[in-house]
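> Residue numbers (my numbering), protein chains in the order written: chain A, 1 to 410; chain B, 1001 to 1410. The following block contains the structure, expressed as structure tokens.
2 protein chains.
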Amino acid sequence: MPELFTVLPPHEALQKLLTHLTPRVPIETIETARALNRVLAEAPAARSPLPAFPRSTMDGYAVRAADTFGATEALPAYLTVIGESPMGGAPTQSIDRGEALIIHTGGMLPQGADAVVMIERTQKTTTTEIEVMRAVAPGENVLQVGEDVKPGDPLFAIGHLLRPQDLGGLMALGLTQVTVAQRPRVGILATGDEVIDPHAEPRPGQVRDVNTYSIGSIVERAGGRAQPGGIIRDNFETLYQAARNLLDQADALVLSAGSSVSVRDMTSDVIEKLGQPGVLVHGVSIKPGKPTILAGCDGKPVFGLPGNPVSAMVVGDLFITPTLWQLQGCARPPLRQTIRARLTHNLASVPGRVDYIQVKLIERAGELWAEPVFGKSNLIYTLVKADGMLIIPIDANGIAAGEVADVRLF
Amino acid sequence: MPELFTVLPPHEALQKLLTHLTPRVPIETIETARALNRVLAEAPAARSPLPAFPRSTMDGYAVRAADTFGATEALPAYLTVIGESPMGGAPTQSIDRGEALIIHTGGMLPQGADAVVMIERTQKTTTTEIEVMRAVAPGENVLQVGEDVKPGDPLFAIGHLLRPQDLGGLMALGLTQVTVAQRPRVGILATGDEVIDPHAEPRPGQVRDVNTYSIGSIVERAGGRAQPGGIIRDNFETLYQAARNLLDQADALVLSAGSSVSVRDMTSDVIEKLGQPGVLVHGVSIKPGKPTILAGCDGKPVFGLPGNPVSAMVVGDLFITPTLWQLQGCARPPLRQTIRARLTHNLASVPGRVDYIQVKLIERAGELWAEPVFGKSNLIYTLVKADGMLIIPIDANGIAAGEVADVRLF
């Protein structure tokens, strides 16, 4: 007999799944240049300071700050220019009292210099002499050794999701390889005797597979790699074998089940047989997507999605996405973009259930409005026409036209 | 003599560039399954209706609605069950007055049926007879042929950015290939006698290349393909030849110029020689990033970025990203995620300039606060430590601690 499950609110359902997932995906070391959107599995450490030499932040003259003290336009300081700091090399000269060296932005300060005077604050009097018309403080217009990063400074924590500037920061320190979580491999099986490959021409009663592609894209967006396992007939042994093989080679599994009650029950039985503890959540108090199955099978997450493509997308977005980020050990997954918009129509709901309503966003007099895309809940083009999902919270019995609500953008 | 340029506000600068770009990138036909985040270059059309046959949305019985009129629990309608509609095939039987056919969610309605009674509203009296305890209206629990999409219905406009559900919707119609804009190829050249490959060990005065990687990642994020052209010495002819070769094979070019005035001028001269009309904007009223060059060279955008990695990132984000979406013909690029946060410190600014301040987001008593990451403007790790950029608008002379401002997330 199947265990009795209570339909859980979406947040509780997700927590129940996430707390059961102990193992993470394996880690790998890859080129930093290819690590955008990957999650750090080891904390890289700086072996050298950044900058590694005192650098000028201005075009001008490297000087001893003390030589400029008190300098004004009326009473400038006079310095002897003894040469130039070459870009990309160390200056061969050091400067002494009363001397200056031409320096460019990014150039290395010579021995003896502790500040840079901007060229705009100077005037040439002869080919080898300048007037300095404003004093500089020691360290002014200079990046000190290690001012950006000191050896041993914490750079990134484990679990950090790498952004464009992070790749730049790693490269600046010569950290050309990083150790990251592997992209979770997510097996996807479509089931249903009526489902066919989209490349084929359907006969009467047949429909093309949608979920392999929409769910596969959700997986890719969340850093995973979709591994489509094809379309499986509604037969326990066939489905179990296909699921077993796919899960053994993957880090997670999605079964996009047929919608009829008998097929849903079969999916649940197959999942129970895939590993321990098996089905954790059977039914979530959301619409659409109520007949969702969340399971942990020997440490790997397994999702039983409703076959209806709209429900499958909502459930994929709510449960698969955060699970994949957790598998990668991501400390702070990308924020789901949610905006506030005013509703154009009254929408009824039932307390105790979170409703997700497809809406188009329209601008009216400079304000954002959310207009429901009407149509039966299993029409994929209601999702295609929508910009996002308006959320009716669990305790509300609807939202009135003109009220403001959260819209989760796709 | 170089033309005299006025420093433009960022929005005007971008408009000036975008209006000068006439050609788009070439188009290509690819597998729909691999078209996530690509921009449609042709509008696909449905060749067949969706669904292609009348489908049940429930488990139950296909009936003639008229046979159920008036049925109640007290006075049910009695129907003869003559068979079952097979999943994935057309029913071989048609139903007549007083008859019903077992049907599953997604199954095809038989000839003669115009509605489906949910199984929960029926009761079996014998193996071939059911009681129907509630009337159904014609069409109830049925998806009509073409109810989702009719042949000729507009599906997507040209310029649409493909999302997970869009791939599903295309597959549902057998549109397994789509014609999209090619991903713009963006050449990236780093210049500077002091800049070296990050894999090398710098000698005194040398620094590792950062911008090739941070800007390359910005390009990838905006749908482009980064084509790094290496590090070029500060020599007009060398830089011109490298830029010429790279631009000829690309759709756009980024020169990450050295920061000294002489190198900046050289970059501008090189860009002028690359094509017509040449430099459009030389200087933008932003901080950091003022010495930005935006150019159109024979229809291709060319960017001269400040060498300072922080400025380069800000400028890349503000100008390269929207330009790449426009090159792809994207009607509605992904919204830049901006949130509101309360500032922890007073920040001064200068009216007439937009300031971008690196901030960390912190939560205090359930409210989001933006804490500036202090440090000289050219420290790459100020960007690494930041969650986003706080924007001080062009007309403000600062923001006081406690005030709320927009933060553009990375």
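Glycine included, each C-beta is placed from N, C-alpha and C at the ideal position.
Evaluate Asn1235/B with the Cβ neighbour count: other Cβ atoms within 10 Å of its Cβ, from every protein chain shown; 16 or more gives buried, anything less gives exposed.
exposed
> Touching or not, the region 167–179 of chain A and the region 1387–1407 of chain B, by the rule of three or more beta carbon pairs under 8 Å?
no
> Pop quiz: Ser1256/B and Ala1222/B are said to be a contact at Cβ under 8 Å. What is the actual Cβ separation, rounded to whole angstroms?
No, Ser1256/B and Ala1222/B are not in contact; Cβ-Cβ is about 17 Å, not under 8 Å.
> Report yes or no: is there a C-beta of chain B within less than 7 Å of the C-beta of Pro2/A?
Only weak support is given to the placement of Pro2/A: the predicted model assigns it a pLDDT of 46, under 50, and the question is left unresolved by the model.
> If you run the structure through DSSP and keep just helix, strand and coil, what is Arg1121/B?
helix
> How would you label Ala77/A, buried or exposed, when you count the other beta carbons within 10 angstroms and need 16 or more for buried?
buried
> May I ask which residues mark the beginning and end of the alpha helix (DSSP H) holding Thr1019/B?
Element bounds for Thr1019/B: Pro1010 to His1020.
> For chain B, check one thing: does any of its Cβ atoms lie closer than 7 Å to the Cβ of Gln206/A?
yes
> Would the beta-carbon of Leu155/A fall within 7 Å of that of Pro44/A?
yes
> Does any residue of chain A bring its CB to less than 7 Å from the CB of Glu1120/B?
no
> Across which residues does DSSP place Tyr1078/B in a beta bridge pair?
In the DSSP output, where bridge partners are listed per residue, Tyr1078/B has Glu1131/B.
> Excluding the 5 residues preceding and the 5 following Arg244/A in the sequence, name in chain order all residues of the same chain whose CB lies nearer than 7 Å to its CB.
Leu274
> Roughly how many angstroms lie between the CA atoms of Asp1317/B and Ile1218/B, to the nearest whole one?
7 Å
> Measuring alpha carbon to alpha carbon, tell me which of Ile1394/B, Glu1084/B, Gln1111/B and Val1186/B ends up nearest Arg1064/B.
Gln1111/B
> Quick one: measure Cβ to Cβ for His20/A and Pro309/A, integer angstroms, because I've assumed they're closer than 8 Å.
No, His20/A and Pro309/A are not in contact; Cβ-Cβ is about 27 Å, not under 8 Å.
> To which residues of the same chain is Met1118/B closer than 8 Å at the C-beta, ignoring the five residues directly before and after it?
The answer, listed in chain order, is Met1058, Asp1059, Gly1060 and Asn1141.
> Could you compute how far the alpha carbon of Ala1113/B sits from the alpha carbon of Arg1097/B?
9 Å
> Relative to the C-alpha of Pro184/A, which candidate in Gln328/A, Val39/A, Val354/A and Leu347/A has its C-alpha closest?
For Pro184/A, the closest C-alpha among the options Gln328/A, Val39/A, Val354/A and Leu347/A is that of Gln328/A.
> For a test of the three-state rule: what should DSSP assign to Lys1290/B, helix, strand or coil?
coil
> Assuming the contact rule is C-beta atoms closer than 8 Å, Ile1357/B and Leu1368/B should be a hit. Round their C-beta distance to whole Å, please.
Actually they are not in contact, since the Cβ atoms of Ile1357/B and Leu1368/B sit about 15 Å apart, beyond 8 Å.
> For Glu1003/B, does the three-state DSSP call read helix, strand or coil?
Unreliable positioning characterises Glu1003/B in this predicted model, as indicated by a pLDDT of 48, which lies under 50. The coordinate reading is nonetheless provided below. Three-state result, Glu1003/B: coil.
> Mind checking if Val1007/B is an interface residue toward chain A, Cβ cutoff 7 Å exclusive?
no
> Give every residue of the same chain whose Cβ lies closer than 7 Å to the Cβ of Pro393/A, excluding the five residues on either side of it in the sequence, and list them in chain order.
Val354
> Taking its Cβ as the centre, do 16 or more other Cβ atoms sit within 10 Å of His11/A, making it buried, or is it exposed?
exposed
> Quick test of your reading: Leu1040/B and His1160/B, contact by CB under 8 Å. State the CB separation rounded to the nearest angstrom.
About 5 Å separates the Cβ atoms of Leu1040/B and His1160/B, confirming a contact at the 8 Å cut-off.
> Going straight from the alpha carbon of Leu390/A to that of Gly289/A, what length do you get?
15 Å
> Using C-beta distances below 8 Å, list every residue in its chain close to Val314/A, excluding the 5 sequence neighbours before and after it, in chain order.
Ile286, Pro288, Gly289, Tyr356 and Met389
> Using a Cβ-Cβ cut-off of 7 Å (strictly less than) and excluding sequence neighbours within five positions of Ile1362/B, which residues of its own chain qualify?
Trp1369 and Glu1371
> Hey, out of Ala1401/B, Leu1079/B, Ala1115/B and Pro1091/B, whose CA is closest to Lys1124/B's CA?
Leu1079/B
> Using Cβ-Cβ distances below 9 Å, what residues of the region 1142–1155 of chain B are close to chain A?
Leu1143, Glu1147, Asp1148, Val1149, Asp1153 and Leu1155
> Less than 7 Å between the beta carbons of Ile1231/B and Thr1238/B, yes or no?
no
> Using the three-state DSSP reduction, which class does Gln144/A fall into: helix, strand or coil?
coil
> In three-state terms, what does DSSP make of Val1186/B?
strand
> Which of the residues in the region 1080–1092 of chain B, read from start to end, lie with their CB under 9 Å from any CB of chain A?
Ser1085, Pro1086, Met1087, Gly1088, Gly1089, Ala1090 and Pro1091
> Run down chain B in chain order and give the residues with a C-beta less than 9 Å from the C-beta of Val25/A.
Going along chain B, no residue has its Cβ under 9 Å from Val25/A, so there is no contact; the nearest lies around 21 Å.
> Quick check: Leu167/A and Leu50/A, are their CB atoms within less than 7 Å of each other?
no
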